[in-house]
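Asker:
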Amino acid sequence: LIPLFGYTNSTASVEKVGSGEYDISIGVDYIAMSWKKQGSPVEFVYPKSGISVIASPIAIMKASKNVKAAKLLYDYILSIDGQKVLVKAEVLPVRPEVELEKGATPVKEILERALPVDDKKLTEEKEGMINKFNAIMKKK
57 LIPLFGYTNS
67 TASVEKVGSG
77 EYDISIGVDY
87 IAMSWKKQGS
97 PVEFVYPKSG
107 ISVIASPIAI
117 MKASKNVKAA
127 KLLYDYILSI
137 DGQKVLVKAE
147 VLPVRPEVEL
157 EKGATPVKEI
167 LERALPVDDK
177 KLTEEKEGMI
187 NKFNAIMKKK
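Set out below in structure tokens:
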């Protein structure tokens, strides 16, 4: 986002909602849920349809200087115990057997309401989409 909108990242927008400066914002689920857990007066609502779902990838870099340690971390993060740690940080798990925090929207429900994504097309049209978003958001 560009500074004209009052913030440049999801954390800042959620903070402004929590302080009462903004009534509403677009934000990332785990950031808003984390603020709420800390006592901020915010709520997070998924749209009924058209949810933008962006997976948080994990990988071991080819140029990693310590592949063994990287593999240990990789395996831990994807393990049941690692996923439980992420759930405590309001991040949705990739393992279906890991329980969500109380009140969290089930991953299956989120995916059923998600927009279909064509990664190749998204990459090719990135600049145009950013320009279109900025043009829409500048309108008063």
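Quick note: to get the working numbering, add 56 to the position in the sequence shown (first position is 1). Using N, Cα and C, we set each Cβ at its ideal position, and we do this for glycine too. Here the structure is a predicted model, which is why all the values come from computation and not from measurement.
Who are the Cβ neighbours of residue 151 in its own chain at under 7 Å, not counting the five residues just before and after it?
Answerer: Along the sequence shown, read from residue 1 onward, the residue named residue 151 stands at position 95. Counting only Cβ-Cβ distances below 7 Å, and skipping sequence neighbours, we find 136, 139.
Asker: Note down, in chain order, each residue of its chain lying with its Cβ closer than 6 Å to the Cβ of residue 147, except the 5 sequence neighbours on either side.
Answerer: One-based indexing of the sequence shown puts residue 147 at position 91. Taken in chain order, the residues that qualify are 86.
Asker: Taking the beta carbon of residue 173 as the centre, do at least 16 other beta carbons fall within 10 Å, making it buried, or is it exposed?
Answerer: The residue you call residue 173 lines up with position 117 of the sequence shown. Under this definition residue 173 is an exposed residue.
Asker: Does DSSP put residue 177 in a helix, in a strand, or in coil?
Answerer: Locating residue 177 in the sequence shown gives position 121, counting from the first residue. Helix, per DSSP.
Asker: Among the residues of its own chain, which have a CB less than 6 Å from the CB of residue 123, if the five just before and after it don't count?
Answerer: Residue numbering aside, residue 123 sits at position 67 when the sequence shown is read from its first letter. For residue 123, where only same-chain residues beyond five positions count, there are no Cβ hits under 6 Å.
Asker: Roughly how many angstroms separate the alpha carbons of residue 130 and residue 113, rounded to a whole number?
Answerer: Taking the first residue of the sequence shown as position 1, residue 130 is located at position 74. Taking the first residue of the sequence shown as position 1, residue 113 is located at position 57. Their Cα atoms are separated by approximately 11 Å.
Asker: Expressed to the nearest angstrom, what Euclidean distance is found between the alpha-carbon atoms of residue 132 and residue 154?
Answerer: Counted from its first residue, the sequence shown places residue 132 at position 76. Counted from its first residue, the sequence shown places residue 154 at position 98. One C-alpha to the other measures close to 14 Å.
Asker: For residue 193 and residue 166, I'd like the C-alpha separation in whole angstroms.
Answerer: Your numbering for residue 193 matches position 137 in the sequence shown. Your numbering for residue 166 matches position 110 in the sequence shown. Cα-Cα distance, rounded: 25 Å.
Asker: Return helix, strand or coil for residue 68, following the three-state DSSP convention.
Answerer: As a first step, residue 68 must be located in the sequence shown, where it is residue number 12. Three-state DSSP puts residue 68 in a helix.
Asker: Please state if the CB of residue 81 and the CB of residue 92 are separated by a distance shorter than 9 Å.
Answerer: Position 36 of the sequence shown holds residue 92. Position 25 of the sequence shown holds residue 81. No.
Asker: Residues bridged to residue 107 by DSSP?
Answerer: If you number the sequence shown from 1, residue 107 lands on position 51. Note: residue 107 sits in a beta bridge opposite 170.
Asker: Quick check on DSSP: helix, strand or coil for residue 57?
Answerer: For the purposes of this step, residue 57 is identified with residue 1 of the sequence shown, where counting begins at 1. Legend: pLDDT at residue 57 = 41, less than 50; position of this residue unreliable, value from coordinates given subsequently. It is coil, neither helix nor strand.
Asker: In its own chain, which residues sit with a C-beta less than 6 Å from the C-beta of residue 83, not counting the 5 before and 5 after it?
Answerer: In the sequence shown, residue 83 corresponds to position 27, counting from 1. Excluding residues within five positions, the ones whose Cβ falls inside 6 Å are 66, 69, 70.
Asker: Return the residue from the list 75, 145, 183 that minimises the CA-CA distance to residue 98.
Answerer: Along the sequence shown, read from residue 1 onward, the residue named residue 98 stands at position 42. Of 75, 145, 183, the residue nearest in Cα terms is 75.
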